[in-house]
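Only one structure is covered here, and it is reproduced in the block below.
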Amino acid sequence: MPSTLFEKIWDAHVIESGGADDALLHVDQNFLHEGAFLAFAALRREGRTVRRPKQHFAVADHYVPTLGREAGIAGVTDPEVRGLIDLLAENSAWGGIEHAGIDDPRQGIVHVIGPELGLTQPGMIITCGDSHTSTHGAFGAFAFGVGASQVKQVLATQCLWQRRPKRLRITLDGALGAGLSGKDLILAVIAQIGAAGATGHVIEYAGSAIRAMSMEGRLTVCNMSIEAGARAGMIAADDTTFDYLQGRPYAPQGALWDQAVAHWRTLRTDEGATFDREVRLDASAVVPMVTWGTNPGQGLPITGRVPDPAATSGDARRGIEAALAYMGLKPGQALDGLPVDRVFIGSCTNSRLDDLRAAAAVVHGRKAKIPAFVSPGSTQIKREAEAEGLDRIFTDAGIEWRASGCSMCVGTNGDLLKPGERSASTSNRNFEGRQGRGARTHLVSPAMAAAAAVTGTLTDVRRLLAGAAG
Amino acid sequence: MQPFTEFTAVAVPLAMANVNTDMLIPARFLRKPRDEHYGQYLFHDLRHDMDGRLRDSFVLNETVYQDAKILVANANFGCGSSRESAVYVLLDSGFRCVIAPSFGDIFFGNCLQNGVLPVVLAEAECAELLAWLEANPGASVTADLQTQTVSTADGKVRSFTLDPVRRERMLKGLDEIGLTLTRLPAIEAFEQRHAQAQPWLAR
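Residue numbers (numbering that gives the first Met the number 0), protein chains in the order written: chain W, 0 to 469; chain D, 0 to 202.
As structure tokens, then:
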């Protein structure tokens, strides 16, 4: 019987079927960050041990500062934050788990370094105590975020009881226009299906726009699957995937590599396989996107205008009214030209080399009109970007070039906006208070964030790409 | 984990959709150890203004809801991050049940891990329940996992379902690690087969 990519991976990991779509699944790879302290504390309190330490990898990302990193751990001044960074190292050592600490050359955002190190591979089941674990699905893996109790379970047993999600295919055909990227595409998808549009489903992204996309773009698309409520997002592996993976530190080598690739090529949805739901979107019609509200489904083309709550009623109306009040926007207001206070380029959504190149291309030869900073997704990406001279393009424009971490996406390291400040941000959540109490977040692509930095307003980046610098 | 069979308490109507985990507990509190009382962080930035004063306008601050232990809300409750602390804040405040038309997937799973029952009611039924609670402030609701019903003093009984496997675990308060480890021979046999079929995964 024809089956989907998701089903092939699920079926290959079932240890026991518990009935009612419930199964005990083997987890190939689990990632840990400082937030795992809750899981480790419970594990150790219960007197349990880590069953298969080599299938875990720990990295400091959520709490590491993006400034003063030359000093390593000594540069972390907040004792609570320092305690959490130290605790991850201590817990990892206790469990025999490989760990990339604050000054390790492999350090970076967990969803950036997994692929970068070759730990993330097609066909795997991957977990992490972070909702953006869906990112790794870009490699044709089934990857999902879990809470502390389930992190503890994976540490103790290397298995999880899971309920089988429904299958949703999103087909994205057509070529993306100049200045557009995976971020615009996924924001357009979520604007179409809503912030709960994929709840209970695992999404498979298909279509010519996905096939033509770099691994970086695919990672961005899968990353935000959770913002549509999906358990996971995934993309069948192809030559783009294999080219990215080959030669990475943890990727298979030699004969094993050939054997792996032969298997990975079978991990695609068969002709005639069925989905519970299908969605289509014409990628060639997508224009640069920006969110106006307080959930990622509240996005519009930059050419659009803020919606008028009076055009709706009931809960929908109240929802729009509340979002506009928080965001300090008026119905019918144009998004293009809206003044912005700060720009953040970073996060597990958009901090990879391609993202930084796209931002630098817009910034090149221009000056930032508002405070802005870049936090590369990993220490390695930081080095690679510096080797290309991207750091100079940013710093020449007056944009700060910082170290790697989750930074202003979640703000747990203290990188926050002030109350009332408005940001153009390449991160993934525009929730109330996400970037600081009272902070107003507009989610955009790296190119759009760069355009906001050099103009001081939300700006259609296509104008800057078409025209001369200045 | 504390078993969940039947639970009766004052229910607070929170007529909001897309209540996210950042609302349930702002990220700056995620660094707190579990033995700290997480209840103080529940809806912190909605309950308090920038100066730390309680906001009269937020429903949970109303006197009539000081003993509320069931929360009723609109769709997509608990969307957002995987932080289990979004459940700890409810549990440590005494909440054992949340009723909504739909939930964020990870939050739903985290509830089940902590003995907090997430009840999915049909959209119209949940709207009706919210309206009834708003008309009867301080009224109680009974959530019964044995009969899979939500009932109120007006005699209305609403049905919900939880899949049989998870229902059984909730009713008995079973520990999933204990359950899993009883399968150790099957797990080890699987791991051998898996490593043979995909030897590049062997670590």
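Glycine is no exception: its CB is placed at the ideal position from the N, C-alpha and C atoms.
Taking 8 Å as the threshold, the shortest C-beta distance from residue 75 of chain D to chain W falls below it.
For the set D/48, D/1, D/87, D/77, the Cα lying nearest the Cα of residue 36 of chain D is the one of D/87. Under the DSSP assignment, residue 98 of chain D falls in the beta strand (DSSP E) whose first and last residues are 96-99. By alpha-carbon distance to residue 66 of chain D, the top candidate from D/182, D/80, D/8 is D/8. By the Cβ test, the stretch 241-261 of chain W is not in contact with the stretch 149-157 of chain W, since fewer than three Cβ pairs between them sit closer than 8 Å. Within its own chain, the residues whose Cβ lies closer than 7 Å to the Cβ of residue 302 of chain W, once the five positions on either side in sequence are excluded, are 286, 335, 459, listed in chain order. Rounded to the nearest angstrom, the Cβ distance from residue 347 of chain W to residue 61 of chain W is 11 Å, too far for a contact under 8 Å.
In the structure shown, residue 5 of chain D adopts extended strand secondary structure according to DSSP, grouped into three states. Within the stretch 323-390 of chain W, the alpha helix (DSSP H) runs of at least 4 residues that lie entirely inside it are, in chain order, 352-362, 378-387.
In this structure, residue 70 of chain D sits away from residue 119 of chain D, with a CB-CB distance that is not shorter than 8 Å. In this chain, residue 189 of chain D is not harboured by any beta strand (DSSP E); it is covered by the alpha helix (DSSP H) spanning 183-196. Interface annotation, residue 251 of chain W: in contact with chain D, CB-CB separation under 8 Å. Chain-order list of chain W residues neighbouring residue 25 of chain D: 432, by C-beta distance under 7 Å. Flagged as an interface residue toward chain D: residue 294 of chain W, by a C-beta distance shorter than 8 Å.
Per DSSP, the unbroken alpha helix (DSSP H) holding residue 191 of chain W starts and ends at 181-192. With contacts defined as CB atoms closer than 8 Å, residue 138 of chain W and residue 240 of chain W qualify as a contacting pair.
Going by DSSP, residue 122 of chain D is part of the alpha helix (DSSP H) stretching over 122-134.
In the same chain as residue 367 of chain W, and ignoring 5 residues on each side of it, the C-beta atoms closer than 8 Å to its own belong to 342, 396, 397, 398, 452, 453, in chain order. Around the C-beta of residue 223 of chain W, 16 or more other C-beta atoms lie within 10 Å, and the residue is accordingly described as buried.
Neighbours of residue 143 of chain D across chain W, judged by C-beta separation under 9 Å, do not exist; the nearest C-beta is about 20 Å away. Secondary structure of residue 32 of chain D (DSSP, three-state): coil.
Excluding the 5 residues flanking it on each side, residue 41 of chain D has same chain C-beta neighbours closer than 6 Å at 88, 92, in chain order. Within the stretch 117-133 of chain D, no residue has a Cβ lying closer than 7 Å to any Cβ of chain W. Listed along chain D, the residues sitting closer than 9 Å to residue 428 of chain W by beta-carbon distance are 19, 21, 79, 80. Excluding the 5 residues flanking it on each side, residue 29 of chain W has same chain C-beta neighbours closer than 6 Å at 55, 126, 153, in chain order. The continuous stretches of alpha helix (DSSP H) do not include residue 203 of chain W, which lies in the beta strand (DSSP E) extending over residues 200-205. Under the 10 Å beta carbon count, residue 76 of chain W is surrounded by fewer than 16 other beta carbons and is classified as exposed.
In this structure the stretch 364-382 of chain W does not lie against the stretch 35-46 of chain W, because fewer than three pairs of beta carbons, one per stretch, are closer than 8 Å. Looking at the DSSP output, residue 288 of chain W sits in a beta bridge with W/300.
Between residue 361 of chain W and residue 450 of chain W, the C-beta gap is smaller than 8 Å, which places the two residues in contact. Among the residues facing chain D, residue 221 of chain W is not included, as its CB has no counterpart in that chain under 8 Å away. Residue 28 of chain D has its alpha-carbon roughly 29 Å from the corresponding atom of residue 289 of chain W. For residue 150 of chain D, the enclosing beta strand (DSSP E) stretches over residues 148-151. The beta carbon of residue 81 of chain W sits closer than 7 Å to the beta carbons of 72, 75 from its chain, once the five residues preceding and following it are set aside; these are given in chain order. Excluding residues up to 5 positions away in sequence, 57, 87, 90, 128, 147, 150 lie with their Cβ nearer than 8 Å to the Cβ of residue 35 of chain W in the same chain. In the DSSP assignment, residue 89 of chain W falls within the unbroken alpha helix (DSSP H) covering 78-94.
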